[in-house]
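Top to bottom, those sequences are chains A and B. When you line the first sequence up against my numbering, it's residues 23 to 206, in that order. When you line the second sequence up against my numbering, it's residues 299 to 416, in that order. First the structure, in the form of structure tokens, and then the observations on it.
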Amino acid sequence: MAIEQALQIFVFVILTLMTLGGGLAVVTSRNLFHAALSLILSLAGVVGYYVLLDAGFLAIVQLLIYIGAISILILFSIMLTRGLMTPRQVQRNEQWWIAALVVFLTFVVLIVALWQMVWPIADDEALRTPNVAISQLGEALVGPYAIPFEIISVLLLVALVGAIVLARETENNQGSHAEAGSSE
Amino acid sequence: MLIEFIPVLVLFALATAIAVIALVLPAFLGPRRPSRAKIETYESGKLPYGDARYKVPIGYYKIALLFVIFDLEVIFFYPWAVVLRQLHVFGLIEMGIFTALLVVGYVYEWKKGGFEME
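Spelled out as structure tokens, the structure:
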């Protein structure tokens with residue numbers, strides 16, 4: 023048991039280094055593409071936290087959604103935007119102090135909230151076994167949470183149609199620009 | 299339960315070790331005499347041309363967005379599929395509605411020609 027605990031602490035330290043180091047690299051890197059890659063490292067650390075917390079399903083969700091999908095979107099939007107691929111980006115604009123203030127206040131609120139929070143630990147050993155936890159999640163999704171579950175699909179549909187419409191507008195703009203360019 | 303993740307940890311350690319060995323050791327051990335041909339970008343022996351940072355067509359972004367949305371959908375399938383047998387017809391109908399709504403978006407995209415890449 024002592025070995026397992028030591029191993030847990032060791033893994034926790036590694037994960038913390040990954041998460042914080044990645045996060046630091048995101049805000050300090052002058053190359054936006056490198057910042058996005060560092061964000062993936064940071065998110066991967068969070069996957070590890072979920073595993074340490076016995077939340078296997080959340081870990082997979084984090085891996086699939088944040089690392090598999092959101093990061094891809096961020097990388098794509100960097101690649102698609104003109105001039106953002108240049109290795110040296112300006113890191114602050116005239117609003118930097120507002121952002122710093124908001125971040126600092128959020129930090130204070132988080133620290134206070136975490137300090138006062140009582141962390142509930144599942145006494146039920148069954149809940150900590152992955153099979154039971156996922157079965158209960160599945161039953162909850164079609165049972166008491168059926169309406170929110172269906173609303174999720176409406177939300178996804180809105181996002182899907184919105185993405186198509188936005189991309190179409192951009193395509194049309196690009197098309198008209200190209201025509202204007204060729205007529206000159 | 300955490301014990302089950304030991305293989306993942308081992309894999310993680312191995313992957314990190316191999317990456318470090320492959321990148322760091324040659325930098326110390328190998329001789330370094332760069333020439334123009336050596337520092338050129340290598341891709342299967344083809345001669346490089348143009349700039350790698352060209353503007354990528356917006357169509358790729360659309361595909362990425364679609365991927366995100368259907369990725370999310372699959373995530374919701376997973377816990378549902380585990381208890382599929384206990385849920386009987388009701389669960390099937392509910393997931394049917396869930397999927398049908400997304401299929402509407404899929405068909406819309408298809409009809410609008412969103413999958414055609416030029």
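We put the CB at the ideal spot given by N, CA and C, even for glycine. For clarity, every value in this text was computed on a predicted model and none was experimentally measured.
Checklist entry - What in chain A is Cβ-close to LYS410 (chain B), meaning under 8 Å? => result ILE186, ARG190
Checklist entry - Based on Cα-Cα distance, which residue from A:ALA47, A:ALA66, A:ALA155, A:LEU177 lies nearest to GLY57 (chain A)? => result It is worth fixing the name first, because residue 57 (chain A) is Ala in this sequence and not Gly. The shortest C-alpha separation from ALA57 (chain A) is found at A:ALA47.
Checklist entry - Listing by chain order, which chain B residues have their CB less than 7 Å from the CB of LEU85 (chain A)? => result Per Cβ cutoff of 7 Å: no residues; LEU85 (chain A) is ~10 Å from chain B at best.
Checklist entry - With 8 Å set as the bound, which would you pick, yes or no: does the beta-carbon of ILE31 (chain A) sit closer than that to a beta-carbon of chain B? => result no
Checklist entry - So which residues of chain B does PHE98 (chain A) contact, with C-beta pairs closer than 8 Å? => result VAL354, TYR358, TYR359, ALA362
Item to check | alpha helix (DSSP H) runs contained entirely in the region 115 to 178 of chain A, provided each spans 4 or more residues | outcome: 118 to 138, 152 to 164
Item to check | Neighbour-count burial assignment, ILE169 (chain A), 16 or more Cβ in a 10 Å radius | outcome: For ILE169 (chain A), the number of other beta carbons within 10 angstroms of its own is below 16, and it is reported as exposed.
Next on the checklist: I'd like to know whether the C-beta of ILE89 (chain A) is nearer than 8 Å to at least one C-beta of chain B.
Outcome noted: no
Checklist entry - What's the gap between the Cα of ALA91 (chain A) and the Cα of LEU97 (chain A)? => result Distance between the alpha carbons of ALA91 (chain A) and LEU97 (chain A): 10 Å.
Checklist entry - Tell me which same chain residues have a C-beta within less than 6 Å of the C-beta of SER64 (chain A), skipping the five on either side of it? => result THR41, GLY44, GLY45
Next on the checklist: For the alpha helix (DSSP H) containing THR41 (chain A), name the first residue and the last one.
Outcome noted: 24 to 50
Next on the checklist: So PHE413 (chain B) contacts chain C; which residues on that side make the cut at Cβ distance below 8 Å?
Outcome noted: The displayed structure is made up of protein chains A and B, and chain C is not among them.
Next on the checklist: Can you check whether the C-beta of VAL380 (chain B) is within less than 8 Å of a C-beta belonging to chain A?
Outcome noted: Yes, VAL380 (chain B) counts as interfacial toward chain A.
Checklist entry - Is it right to say LYS360 (chain B) is buried, meaning 16 or more other beta carbons lie within 10 angstroms of its own, or is it exposed? => result Buried, because 16 or more other Cβ atoms sit within 10 Å of the Cβ of LYS360 (chain B).
Item to check | C-alpha distance - PRO166 (chain A) paired with VAL125 (chain A), whole-angstrom precision | outcome: 36 Å
Next on the checklist: Within 8 Å, do at least three Cβ pairs link the region 132 to 143 of chain A to the region 393 to 404 of chain B?
Outcome noted: no
Next on the checklist: Would TYR426 (chain B) pass as an interface residue toward chain A - the criterion being a Cβ-Cβ separation below 8 Å?
Outcome noted: Chain B is shown from 299 up to 416; residue 426 (chain B) falls before or after that span and cannot be answered.
Item to check | Same chain only: Cβ atoms within 7 Å of ASN115 (chain A), ignoring 5 sequence neighbours per side | outcome: none
Item to check | Every unbroken beta strand (DSSP E) within the region 302 to 358 of chain B, with a cutoff of 3 residues, ordered by chain | outcome: none
Checklist entry - In chain B, which residues lie less than 9 Å from VAL157 (chain A) when you measure between Cβ atoms? => result Checking the sequence, you will find Ser at residue 157 (chain A) rather than Val. Ordered by position in chain B, the residues that pass the 9 Å Cβ test against SER157 (chain A) are PRO377, VAL380, VAL381, GLN384.
Item to check | Buried/exposed call for VAL73 (chain A), threshold 16 Cβ in 10 Å | outcome: Around the beta carbon of VAL73 (chain A), 16 or more other beta carbons sit within 10 angstroms, so the residue counts as buried.
Item to check | Listed by chain order, chain B residues near ALA181 (chain A) by CB distance under 7 Å | outcome: ILE367
Item to check | SER368 (chain B) - DSSP class collapsed to helix/strand/coil | outcome: Here residue 368 (chain B) is Phe; the residue named in the question, Ser, does not match the sequence. PHE368 (chain B) falls in the helix class under three-state DSSP.
Next on the checklist: Counting only beta-carbon separations shorter than 8 Å, does GLU392 (chain B) have a partner in chain A?
Outcome noted: Yes, GLU392 (chain B) counts as interfacial toward chain A.
Item to check | Closer than 7 Å at the beta carbon, the chain A residues around GLY348 (chain B) | outcome: Annotation: GLY348 (chain B) has no Cβ neighbours in chain A at a cutoff of 7 Å; minimum Cβ distance is about 14 Å.
Next on the checklist: For the region 115 to 127 of chain A, list every residue whose C-beta sits within 8 Å of some C-beta in chain B, in sequence order.
Outcome noted: Hits within the stretch: zero.
Next on the checklist: Beta-carbon within less than 7 Å of LEU123 (chain A)'s beta-carbon, same chain only, minus the 5 sequence neighbours each way: which residues are those?
Outcome noted: none
Next on the checklist: By the 8 Å beta-carbon criterion, what residues does the region 314 to 335 of chain B contribute toward chain A?
Outcome noted: none
Checklist entry - Closer than 8 Å, CB to CB, is ILE343 (chain B) near chain A or not? => result Checking the displayed sequence, the identity of residue 343 (chain B) turns out to be Gly instead of Ile. False, the Cβ-Cβ gap to chain A never drops below 8 Å.
Next on the checklist: Distance check for VAL164 (chain A) and LEU385 (chain B), CA to CA, integer angstroms please.
Outcome noted: 8 Å
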